Structures are given as C-alpha cells and as structure tokens.
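First comes the structure, then the notes that go with it.
Structural data, given as structure tokens:
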C-alpha cells in the first residue's frame, strides 16, 4: 500500500510539474487526423471459468479518423479541445478454437489532461458495437462461457501519452481495455475484457485552426432540471437455450449542475422484469402476483455533457425486490443524445460486473438548460 501511495504521489507531482511548465498550444495541428495503432495484450479472466480462453497473447491493429476541435462550441474549451473520432479495430483474441477474431467499431472522445503544445496525457472513451467470430454452442463450443452472441456492445477506454514527431505527426503509447458484452440478450454473457498496450502513429491533415481560449463562468444561469425517462429491452436467464424475457423501466431524475458541463443527480427507478417470476419459480418459491416482477430503486447520477451528447454513470439501491440473488446494488452506464427537451438513449444496466439488460429508450427534460 505504501509503495502504491508513493507511486501515485510521484505521478501526481510529475503531472503537476509538466502542467506548470507547459508550453500552451495556440492552434490545432490541422483539421482532422488519421491514426494507425498496433495492439498487444491478453484476455482478462475476470471469472475462473474464463481461464480456458487465455491460450495465447492478443494481437491486433486499429484505424482511426478524428476531427480536431478548436473552441467553436463552449464545451470544447471546457474539456481542453478534445478530438472526436471513429475507430475500427481488429483483434486476434488469443483462443483460435473458442473465440477466433473480434472486430470493434466505435465513436470516441479524447479528453486531454492539459493543452500542452508538443506532448500530453489523454484519456479516451468510446462506446459502440463489436463482432466476435466464435461464441458459445452447447455441442461444438461449450467451453466458451464468455459470449452467447456474435454481435455485442463495446466499451473502450485507455490512457495514452502523445509526443509530437513533427509539425504534422505524432507518436502515441497507451494502455487500455476493450469490453465486449451483449447485455444478457443471449447467454452466456460473462463478456470479455481485452487488455492491451498500444503504439500508434498519427498524421494531421488540413489547415491549422486558431484555438479560442476564452472560458465563460462555469455555472452561469444553470438551474436544476427534472427529467422523465422510459426504456425497455430483452434478456435471457439460464439455461442458455431458454426463451427471452422483456424488461423495462420508468425513471425520474433531478439533476443539479456542478459545472457548466457536469451534473450530479438523484432519481428513482421502477423496473418491470418478467424474468424475475420465472427465476422465483425455478427456486421453488410461491408467486404472489403483480409484485413478483417489480423492482423499485433509488440512484445517484453523474452526467458529463459534451455538446448535445451526455455520458451517464449511475449507481442505485433496490428498496424493493422479491428476487434477492442479484444483491441490492445496481449500476447503469450509457449515452444520451439530446434534441432540445427530448432525448434518446442507450444504457447498460448491471449488477457490479454482471449485465442485467440493455435499455433503449427516450425521455423528456422539463425547463431544459441551454447546452
């Protein structure tokens, strides 16, 4: 523990010194960028049953195209002019007979830790879709306990260090994780976590753009908001050959701005999940009627707004649920797209690292703050 604290303190001091003596950029390196990445890593066995899939190291490559921001929109200044891009990735997943290859395609945002001119640390977050070649089959691939469907959702994040090679190119080294999961739409659904280290080369194209650095006050004229949201999805329960069940939610949320693009919130969820009665029956419990499939919870929310898109992170607690095997804590991670007062969204609801179902829905915001 002491060694970890010393390491964290050293890293913090290193970042602080770099920020103090940073030479701040005055313009972008171009209008857009193209990157190629090489990947090397391994599959994280987050369950003992997944150790069988760790046969070889994972190798892969990625191609990305990004648009550079320069402060045309106010949120770009707040996040130190992030790059917005799209990545297509290919992985040899290290288990030729049980997993084969994986493909991922996702839009992403790069959040710099500083606006240094020639080098900086950057956090990348992306969410999209993925395809895995070989999945669970009760006869031919029963040892693949990770994925029951070829098509999956993908979440990617990494921390990378960028160093300019010339006025129009840079080198990047990074470490990250790409997560594949189908949200229990098919079983099994333990998911796979691809951990990699990466080396990338980036080339910039187009005219340089002057950075608009004037920052507005962080909480000007922003007030608390109320919103209502409804979503639904489908899921399976064991055994994997069983039928699909529907699940849905109605949610109310009050958010309070802490910065111009960040909100805290508190809300309540009412879930209806018709797989719960089936699971109670599997356990031999007596059904009591309409409440068997209901869950009621309260949750805390954190939102990051990047223009009209919001990244959602929730943690909730069940106040009522007849089915107790999932525990009382649930989580939600997702993305919203706003159209003035109306928004559409996709969320992954989980119990810790175990997916419950994917919510697809829409909502309405009362007295919406300007984005």
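In our numbering, the protein residues as written are 308 to 678. Just so it is clear, CB atoms sit at the ideal spot from N, CA and C, and this is done for glycine as well. The model shown is predicted, which means the values in this text are computed figures rather than measured ones.
Considering only the beta carbon of each residue, do residue i and residue j sit closer than 8 Å?
i: residue 515; j: residue 336; result: yes
i: residue 539; j: residue 666; result: yes
i: residue 387; j: residue 342; result: no
i: residue 398; j: residue 365; result: yes
i: residue 625; j: residue 602; result: yes
i: residue 622; j: residue 638; result: yes
i: residue 662; j: residue 452; result: no
i: residue 487; j: residue 437; result: yes
i: residue 441; j: residue 477; result: no
i: residue 461; j: residue 484; result: no
i: residue 507; j: residue 532; result: no
i: residue 371; j: residue 348; result: no
i: residue 614; j: residue 390; result: no
i: residue 378; j: residue 520; result: yes
Please report the straight-line C-alpha distance between residue i and residue j, rounded to a whole angstrom.
i: residue 475; j: residue 481; result: 20 Å
i: residue 456; j: residue 547; result: 11 Å
i: residue 562; j: residue 553; result: 29 Å
i: residue 416; j: residue 430; result: 8 Å
i: residue 586; j: residue 631; result: 11 Å
i: residue 262; j: residue 640; result: Coverage of the chain is limited to positions 308 through 678, which leaves residue 262 absent and any answer about it impossible.
i: residue 363; j: residue 498; result: 18 Å
i: residue 582; j: residue 394; result: 36 Å
i: residue 651; j: residue 675; result: 15 Å
i: residue 541; j: residue 627; result: 21 Å
i: residue 551; j: residue 509; result: 45 Å
i: residue 645; j: residue 616; result: 6 Å
i: residue 598; j: residue 425; result: 60 Å
i: residue 489; j: residue 333; result: 43 Å
i: residue 374; j: residue 571; result: 29 Å
i: residue 536; j: residue 618; result: 15 Å
i: residue 534; j: residue 558; result: 8 Å
i: residue 518; j: residue 407; result: 45 Å
i: residue 351; j: residue 609; result: 28 Å
i: residue 329; j: residue 410; result: With a pLDDT of only 48 at residue 329, under the threshold of 50, the placement of this residue in the model should not be trusted; the figure read from the coordinates follows. The straight-line gap from Cα to Cα measures roughly 38 Å.
i: residue 412; j: residue 354; result: 26 Å
i: residue 673; j: residue 611; result: 18 Å
i: residue 530; j: residue 418; result: 26 Å
i: residue 458; j: residue 439; result: 7 Å
If you reduce the DSSP assignment to three classes, tell me which class residue i lands in.
i: residue 357; result: helix
i: residue 524; result: Here residue 524 scores only 49 on pLDDT, less than 50, and its place in the model should not be relied on; the value that follows carries that caveat. In this structure, residue 524 counts as coil in the three-state DSSP scheme.
i: residue 548; result: coil
i: residue 385; result: helix
i: residue 518; result: coil
i: residue 584; result: helix
i: residue 449; result: coil
i: residue 377; result: coil
i: residue 474; result: coil
i: residue 467; result: strand
i: residue 486; result: strand
i: residue 532; result: strand
i: residue 432; result: strand
i: residue 319; result: Confidence is the limiting factor: at residue 319 the pLDDT is only 43, short of 50, which leaves the residue's position unreliable, though a coordinate-based value still follows. Correct three-state label for residue 319: helix.
i: residue 342; result: strand
i: residue 329; result: Bear in mind that the predicted position of residue 329 carries a pLDDT of just 48, short of 50, making it too unreliable to give a figure here.
i: residue 442; result: coil
i: residue 495; result: coil
i: residue 454; result: strand
i: residue 661; result: strand
i: residue 572; result: strand
i: residue 564; result: strand
i: residue 362; result: coil
i: residue 419; result: strand
i: residue 391; result: strand
i: residue 407; result: coil
Classify residue i: buried if its beta carbon has 16 or more other beta carbons within 10 angstroms, exposed otherwise.
i: residue 648; result: exposed
i: residue 344; result: buried
i: residue 606; result: buried
i: residue 695; result: The structure shown does not extend to residue 695, since the chain is modelled only from 308 to 678, so the question has no answer here.
i: residue 447; result: exposed
i: residue 385; result: buried
i: residue 592; result: exposed
i: residue 634; result: exposed
i: residue 668; result: buried
i: residue 444; result: exposed
i: residue 305; result: Only positions 308 to 678 of the chain appear in the structure, and residue 305 is not among them; the question remains open.
i: residue 643; result: buried
i: residue 568; result: buried
i: residue 660; result: exposed
i: residue 594; result: exposed
i: residue 505; result: buried
i: residue 367; result: buried
Would the beta-carbon of residue i be found less than 7 Å away from any heavy atom of the ligand ADP?
i: residue 451; result: With respect to the ligand ADP, the structure offers nothing, as it holds no ligand at all.
Spell out whether any CB of chain D is found under 8 Å from the CB atom of residue i.
i: residue 645; result: In the displayed structure, chain D is absent; only one protein chain is listed.
| task | Would you mind listing the beta strand (DSSP E) stretches within the region 586–658 that are 3+ residues and don't spill past its ends, in chain order? | result | With a minimum length of 3 residues, the unbroken runs of beta strand (DSSP E) contained wholly in the region 586–658 fall at 601–613, 616–628, 636–646, 649–658.
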